[in-house]
Structure formats: C-alpha cells, structure tokens
Amino acid sequence: MNAKFLSYLIKRLLMALLTIFLVIAITFFVMHAIPASPFSSEKAKSDAVIAALEAKYGFDKPVPIQFLNYLWSILHGDFGLSTGWVGNTVIDLIIGGFSYSARIGFTAGIIAIVLGVIFGSVAALQRGKALDKIIQIVTTALVSMPSFVMATLLLLVFALQLGWLPSMGNQEGGLVLPIISLSLYPMAYVTRLQRSSMLDVLGQDYIRTARAKGVSDWKVIFKHALKNTLTPVITYAGPMMAYILTGSMVVENIFSVPGLGRLFTNSMLRTDYMMIMGVTIFLATMIILMNFISDILYKVVDPRIDLT
Amino acid sequence: MSEENKKLKKNPFSLQVDPALFEAASDEEKAQQVTMRESVSFMRDAMRRLRKNHIAMISLCVILLIALIAFVVPTFYPYTYTKQDVSAQNLAPFQYSAKEQAKIARGQSVFPHIMGTDALGRDYAIRVIYGTRISLLVGIFSALIVIVIGILYGSISGYFGGKVDMIMMRIVDIIYSLPDVLIVILLSVAIKDWVSASKSTLIARLGAGMVSIFIVFGLLYWVSMARQVRGQILSIKEQEYVLASKAIGASPARIIRKHMIPNCVSVIIIIAAMQIPSAIFTESFLSFLGLGVSIPMPSLGSLASDARTGLRSYPYQLIFPALSIFLIVLSFNLLGSGLRDAFDPKLRA
Numbered sequence: 000m001n002a003k004f005l006s007y008l009i010k011r012l013l014m015a016l017l018t019i020f021l022v023i024a025i026t027f028f029v030m031h032a033i034p035a036s037p038f039s040s041e042k043a044k045s046d047a048v049i050a051a052l053e054a055k056y057g058f059d060k061p062v063p064i065q066f067l068n069y070l071w072s073i074l075h076g077d078f079g080l081s082t083g084w085v086g087n088t089v090i091d092l093i094i095g096g097f098s099y100s101a102r103i104g105f106t107a108g109i110i111a112i113v114l115g116v117i118f119g120s121v122a123a124l125q126r127g128k129a130l131d132k133i134i135q136i137v138t139t140a141l142v143s144m145p146s147f148v149m150a151t152l153l154l155l156v157f158a159l160q161l162g163w164l165p166s167m168g169n170q171e172g173g174l175v176l177p178i179i180s181l182s183l184y185p186m187a188y189v190t191r192l193q194r195s196s197m198l199d200v201l202g203q204d205y206i207r208t209a210r211a212k213g214v215s216d217w218k219v220i221f222k223h224a225l226k227n228t229l230t231p232v233i234t235y236a237g238p239m240m241a242y243i244l245t246g247s248m249v250v251e252n253i254f255s256v257p258g259l260g261r262l263f264t265n266s267m268l269r270t271d272y273m274m275i276m277g278v279t280i281f282l283a284t285m286i287i288l289m290n291f292i293s294d295i296l297y298k299v300v301d302p303r304i305d306l307t
Numbered sequence: 000m001s002e003e004n005k006k007l008k009k010n011p012f013s014l015q016v017d018p019a020l021f022e023a024a025s026d027e028e029k030a031q032q033v034t035m036r037e038s039v040s041f042m043r044d045a046m047r048r049l050r051k052n053h054i055a056m057i058s059l060c061v062i063l064l065i066a067l068i069a070f071v072v073p074t075f076y077p078y079t080y081t082k083q084d085v086s087a088q089n090l091a092p093f094q095y096s097a098k099e100q101a102k103i104a105r106g107q108s109v110f111p112h113i114m115g116t117d118a119l120g121r122d123y124a125i126r127v128i129y130g131t132r133i134s135l136l137v138g139i140f141s142a143l144i145v146i147v148i149g150i151l152y153g154s155i156s157g158y159f160g161g162k163v164d165m166i167m168m169r170i171v172d173i174i175y176s177l178p179d180v181l182i183v184i185l186l187s188v189a190i191k192d193w194v195s196a197s198k199s200t201l202i203a204r205l206g207a208g209m210v211s212i213f214i215v216f217g218l219l220y221w222v223s224m225a226r227q228v229r230g231q232i233l234s235i236k237e238q239e240y241v242l243a244s245k246a247i248g249a250s251p252a253r254i255i256r257k258h259m260i261p262n263c264v265s266v267i268i269i270i271a272a273m274q275i276p277s278a279i280f281t282e283s284f285l286s287f288l289g290l291g292v293s294i295p296m297p298s299l300g301s302l303a304s305d306a307r308t309g310l311r312s313y314p315y316q317l318i319f320p321a322l323s324i325f326l327i328v329l330s331f332n333l334l335g336s337g338l339r340d341a342f343d344p345k346l347r348a
C-alpha cells in the first residue's frame, strides 16, 4: 500500500466514475433523441392531459436542463417515476427485481468460479490424458452455446421431458435451472483460463524447486501453484458480471423469474423510458464497478504487475 | 616434380592471386548452391501450419458448407420464408399436410418439409437457412467493420505516438469499459421507430437490432483490434527498415501501408476471427429478445424465441435453430483457435 498504489487506485476510480457518467449521458441523450413522447403511444388523450403528464414527469423543460435534473436526482438515488408500472418509482422496481437477479447471479458466479477452478486445475494436472480431453471438449462446446440456447434446452430436457425440476422461477426449487443455465458458460470459460494458467505456473522454476525439495504433489499445487494461477480468473470477474447480468435478461424470461432482466425486457415492451434508462444505468454501473474491483484485486494479488 | 614447378610458387606476402580460385566450379560444387527448399514467407508458413491442424480445417469446411447452403439453397428452394399455409401448421419433419397428401395421391410431387413447418405453416427449413444467413452476414460484416476501423485507429495511434497516442488510447480505454451489450439494446430500443418508419428498404428489412448492432460495432467493438494493432506498430516502428524507409523520404501513409500493416496481419487475423462468434452471439441474443431483425425475416435467435410457445409439443422447432447456431459458433471458435495457433509468432516451434 504505497503512494504509487494509491495514485493508481485514485486514477482507476476516477476513470470508473467518468465511465459511469458517460453511460448516464449516452443513455439519457439516446432516449431523448426518440421523437415520440412516452405518452403518445397510449390511448388518445387531450393535449392538456399530455401537457400535464409531461409537466409531472418533467418532460416540458429544455433537454440540457432535464439532463442536469436527471443527473442530480440519480445522485440522490431517485431514478424517476415508472410510466409502465404506474404508481411505482423506478428505483423501487429495480430493487425489487434485483433481489431475485442478485440471488441467481451471485450463486451462478460462485458456482462458475469454484467449479471452473477445480475443473481447470484437474485438466492441467491430467494434461493430455482422457479426463483433460473430455473437459476440453465439453468446455469448447459450452462456450459455443448462447445463453438462450442453453436455458431453453435445459428447460426442455429437465423440466418438460424429464420433469425433474420446475419450469417456473416462483415454484419450489425453481431457481435451480436459471442458476445452472447462467453458470455453465462462465464455468467453461473459467475452466479454460484456469487450465492454461495452471500449465503456465507448473512450468515455473519455483515449482520445480519445491518439487526438488521433496514437497508432496498436493502441497505443491495448493500451497505454491494455486494462488498464482488465480490472477487470470480475477480479471475475468468483470466480463463474467456483464455476461451474467445480460444473460439474466433471457434466462429470467425463459423461466419466468421476476428479476431485473425480465423487468428490463418488459419495460422495453411497455416503452417505459424512465425504466429503460434506470435499469441500463444500474446494470452498467454494476458492470463498471465489478471491472474496477477486479482490476484493483488483480494488482493487489500480483505485486509484480506494473502500476501504469 | 615437374608438375609442381609449372605452378607459380606462392609467396604469402605477394598480392598475386591464386589461380586455383578461378577454376570453373565442378558439378558437385554447383549442386551445393542450389536452394533445396523454396523460401517460406510468414504467411505461407502459417497457412502450412493451419492446414496441418485437422480440427481447424474441418471447422473451415463446415463453415464453407454452411455458407454454401445458406446462400445457394434459397435460390432454388421450392418454399419461401414468408409463404404461409394455414393447412400445414406445426408439421413434424417430413410430415405432409392433408392438402399435400391429396396432391401426392393425385400423382403430383410435393417437396417434403425437411424440418417441418412453424405455427403459421411456413416451411421451417428455409426459415432456419435464412436465419443462418443472417448470422453469417452479421459475423462477416462485423469482422469487416472491426478490421477497417481498428486498423486505421490503431496504426495512426501507434505510428504517431506521444501525445496523439496518449489521447487516442485514453479514448480506447473509456470505450473499452462501456458495457457493449447494454448499449446495443439501448440503441435498438431507441431507433426501433425510426427504422420501421425508414424509407430505405434495406434498413427497414434489416431491422432495428441489426442496424444498431452495426452502429455499435462501428463505435465500440474495434477497440481490442486497435489496441493490438497499436502495440504491434509500436514495436515495428523501432525496426531499421522503417528508419531506412523514412530516410529516403517515404510518407507516413506509405510506411504504414507498406511496412507496418503487412507485419500486423497475424494479429489482425486472430482478433477478427475471435470477433465473429461474439458478433453472432450478440445478434442472436437481441433477436431472442425481439430486438433483432424485422418480422417476417427470421433469425436463429427469433426462431428459438418463437419455438418457446410450443416447446412441449414441437421441441424440434427449438432444436433446429439451436443446433445450427451452435454449429456455426463452434466452427468459428475452433477455426479461431486454429488461426491463433498458426499465426501467433510466440507459439512458433
């Protein structure tokens, strides 16, 4: 924790904040470039009613003022009022949906990392043998399957054909299939990362030294190798977050989970602009923060990395 | 003895040349000078290694076969992707509707529905083929966009270096950290109305999702290409032949074009090959969410999404598009890793 690290931390934090600001700006201006008013699609209303609605939601002011207002209210945790679910604030809906998505996403992420690290290490230690080949074939197949294909196939096989697990998210054990479908792709990805980084580390001099000293295989792996193989996995944490959050849009739709992803797709159907903006900004912030954390962790874990 | 005397005695300090050196070379000596092996350029060397990689070659063949089917079969296929037949809804593969059976009974030939029909009685095989075509087109065009913008940006940044490089790379850093899929979704929601109202038939046919995918690829996806190309250019810049070229007054454009880009080819090929599957993923993802191609144009994502309603009764309507997208992405992934093994100089044995 020296001055160099601190300055890196601050630089990286400012960068993350700038990116979040940019996302807010892009989201705001893209949504405001749409000529249609969010109220024009609904049943015919008199001009006075539309004007009153626009005044209520603050749409009557000039766009730059609206942007500043929006920014100001976001800083206070206020993402405005939903027009698709009348009577609800956007932030309440987001929090409600996120409680489901976080549960699924967090579990899926943990499963992906733990199993991925185990499978990857096993494959590396068994290099060239049958088990390694099987793991490689399966992971190659899994990373070639989009999340919606994975989810619908799991639904078809385990819920509809075999009937082992429920197809709806609100039933008992209904979150098992969504979690599995979200975790398979990142798990395969982590396995591949872990395999190559384990092979890399096992070829290093200090491992040979440890072996030469007579340290047992297991101790070499757990004490000397494993810690150093985890750096690539840490860098994948950010992209994994992005995958799980966007993947949850299809997976939650397929399994009818009332999470953030389904909320987002529904708000697109209802052309609820405030909601679309709010969820986009929320998800983007999560992804950017995760990238920030994994970047910092990466530097903490491996002090050899240059801090520039 | 007399033989020895005829030759001039060699004085080690004289400048007199040794006549033995000027004798005609014997055939044996000539044979030594012949190049046994033709010189192998980097490209040919890489291609040779690629050809030896069976998995990559099989994937390439699969891709070519799929492309052939996707672009040639629709020209002579008896069904179109829009033609609906109310009497032939949700047929199983190779099943005939009552009307068609009557036709066969009358001795007319009816082309079988290889993959059955969908809920509106449209032939499913041709719809899957069109969906495959969309996926391939998205993959290829996105690779092209990434190649053009990435090379331009990366080579300018790397070549000029200094302040220009610093500013350009800061921009790349920021773009790199933007969540791309979210921006694609946002953009496709935003331009949906504009696209469907568009006078241009091409844009209207492509649909909001496709247009926004291409816009976002043009805006965001080239950054990893630009980074890699820049890194490569930075190291090539220090080479002597570039200095020599500069010394004889070659313009920056010429140096970039003639010396730098050919040396970046391996990086460009590797990154472009990796970009294709991710582009195909994004398109099918958007189509699945209903933001992709415009109806009635099918895409593998929208076909899979439509299949969900009748999943219990007609699972094959999911299996066919799922299988074809899996096959396409798998082949591109395997080809990509084969290309990486063949073109990455660090892995050269």
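Just so you know, the sequences run in chain order F and B.
First residue of the first sequence: 0, per numbering that gives the first Met the number 0; consecutive thereafter.
First residue of the second sequence: 0, per numbering that gives the first Met the number 0; consecutive thereafter.
Ideal Cβ positions, reconstructed from N, Cα and C, are used throughout, including at glycine.
Considering only the alpha carbon of each residue, which of the options lies closest to residue i?
i, options, result
"B/G208", "B/Y152, B/S298 and B/Q31", "B/S298"
"B/T79", "B/M114, B/Y123, B/P92 and B/Q100", "B/Y123"
"B/L329", "F/S143, F/L92, F/F254 and F/K222", "F/S143"
"F/L154", "F/L176, F/H75, F/G172 and F/P145", "F/L176"
"B/L333", "B/H53, B/Q15 and B/K29", "B/H53"
"B/S40", "B/G160, B/S265, B/F216 and B/Q107", "B/S265"
"F/Y235", "F/A224, F/E171 and F/M186", "F/M186"
"F/P61", "F/L21, F/A32, F/Q203 and F/I287", "F/A32"
"F/W84", "F/M248, F/A283, F/D271 and F/R207", "F/D271"
"F/F157", "F/F20, F/F78, F/F254 and F/K212", "F/F254"
"B/I155", "B/L135, B/P92, B/A252 and B/T116", "B/A252"
"F/L244", "B/I184, B/R229, B/L201 and B/V228", "B/I184"
So residue i packs on residue j, CB below 8 Å; how close in whole Å?
i, j, result
"F/V200", "F/A209", "Their Cβ separation, rounded to whole angstroms, is 11 Å, which puts F/V200 and F/A209 out of contact at 8 Å."
"F/Y69", "F/V256", "Not really, about 29 Å apart at Cβ, beyond 8 Å."
"F/L259", "F/V232", "Not confirmed; about 25 Å, so no contact."
"B/S141", "B/A272", "No, B/S141 and B/A272 are not in contact; Cβ-Cβ is about 12 Å, not under 8 Å."
"B/Y129", "B/M296", "7 Å"
"F/S182", "F/A111", "5 Å"
"B/A341", "B/L59", "About 12 Å; that fails the 8 Å criterion."
"B/M165", "B/Y152", "Actually they are not in contact, since the Cβ atoms of B/M165 and B/Y152 sit about 14 Å apart, beyond 8 Å."
Tell me which same chain residues have a C-beta within less than 7 Å of the C-beta of residue i, skipping the five on either side of it?
i, result
"B/S187", "A207, G208, S211, L285 and L290"
"F/R11", "F291, D294 and I295"
"B/R339", "I269"
"B/R319", "The sequence given here places Phe at residue 319 of chain B; Arg does not occur at that position. Counting only Cβ-Cβ distances below 7 Å, and skipping sequence neighbours, we find M114, Y123 and V127."
"F/L141", "L183, Y184 and A187"
"F/T228", "Q193, S196, M197 and V200"
Within its chain, find whatever has a CB closer than 6 Å to the CB of residue i; leave out the 5 residues flanking it on each side and keep chain order.
i, result
"B/R347", "Reliability fails at B/R347, whose pLDDT of 48 lies under 50, so the model's placement of it is uncertain and the value that follows must be treated cautiously. Excluding positions up to five away in sequence, the list is empty."
"F/R303", "none"
"B/V61", "S330"
"F/F281", "I93"
"F/R261", "E251 and N252"
Which word fits residue i, buried or exposed, when buried means at least 16 other C-beta atoms lie within 10 angstroms of its C-beta?
i, result
"F/I133", "exposed"
"F/S120", "buried"
"B/K191", "buried"
"F/P63", "exposed"
"F/F28", "exposed"
"B/T281", "buried"
"B/T308", "exposed"
"F/A129", "exposed"
"F/P145", "buried"
"F/I136", "exposed"
"F/F263", "buried"
"B/I247", "exposed"
Using a Cβ-Cβ cut-off of 8 Å (strictly less than) and excluding sequence neighbours within five positions of residue i, which residues of its own chain qualify?
i, result
"B/F287", "G300, S301, A303 and S304"
"F/L192", "G115, G119, P231, V232 and Y235"
"B/G160", "L233 and K236"
"B/N262", "Q231 and I235"
Q: Could you list the residues in the stretch 301-313 of chain B with a C-beta less than 8 Å from some C-beta on chain F, going in chain order?
A: Listed in sequence order: A303, S304, A306, R307, L310 and R311.
Q: Select from the stretch 256-273 of chain B all residues with a C-beta closer than 8 Å to any C-beta belonging to chain F, and list them in chain order.
A: Across the stretch 256-273 of chain B, no CB contact with chain F closer than 8 Å is found for any residue.
(Q) Residues of the stretch 245-265 of chain F in Cβ contact with chain B at a cutoff of 9 Å, in chain order, please. (A) Within the stretch 245-265 of chain F, T245, G246, M248, V249, N252, I253, F263 and T264 place their CB atoms closer than 9 Å to a CB of chain B, listed in sequence order.
Q. For the stretch 159-172 of chain B, which residues have a CB atom closer than 8 Å to at least one CB atom of chain F, in sequence order?
A. Answer in chain order: D172.
Q: Check each residue of the stretch 313-331 of chain B: if its Cβ is closer than 7 Å to any Cβ of chain F, include it; give the result in chain order.
A: So the list reads P314, L317, A321, I324, F325, V328 and L329, given in the order they occur along the chain.
Q.
So if I threshold CB-CB distances at 9 Å, which residues from the stretch 115-146 of chain F count as touching chain B?
A. Result list: T139, A140, V142, S143, M144, P145 and S146.
Q. Of all the residues that make up the stretch 198-228 of chain B, which are near chain F by a beta-carbon distance shorter than 8 Å?
A. For the stretch 198-228 of chain B, there are no residues whose beta carbon sits under 8 Å from a beta carbon of chain F.
Q) Along the stretch 226-247 of chain F, what residues have a CB closer than 7 Å to any CB found in chain B? A) Hits within the stretch, in order: A241 and T245.
Q) What residues in the stretch 268-282 of chain F bring their beta carbon closer than 7 Å to a beta carbon of chain B? A) Correct list: I275, T279 and L282.
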